[in-house]
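In the numbering used here, the protein residues as written are 103 to 181. Just so it is clear, CB atoms sit at the ideal spot from N, CA and C, and this is done for glycine as well. Heads up, the thing below is written out as structure tokens.
Now the structure itself:
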């Protein structure tokens, strides 16, 4: 699996915003574009990153691991 920094930023933004719509707004992209990004990453990883049956949107165990990676890596890269 090839993870790019934008994937890490996306997962972190969705988690912090509490959902796709708010995250998309904060990232200045459409909700549809953000949803396609997530779907592409899930397809590439072969796992679901979010539990879509829950309100608010929650991370799956795989999504939680990716968020942890994002929280470790992004501060070092963006400093």
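### Query
By Cβ distance, which residues of its chain are closer than 6 Å to residue 120, with the 5 residues on each side in sequence left out?
158
### Query
So, is residue 138 buried or exposed, given that buried needs 16 or more other C-beta atoms within 10 angstroms?
exposed
### Task
With residue 144 as the anchor, note down where its alpha helix (DSSP H) starts and where it stops.
133-147
### Task
Figure out for me which residue from 173, 116 and 107 has the closest Cα to the Cα of residue 132.
116
### Euclidean distance between Cα positions of residue 160 and residue 179
26 Å
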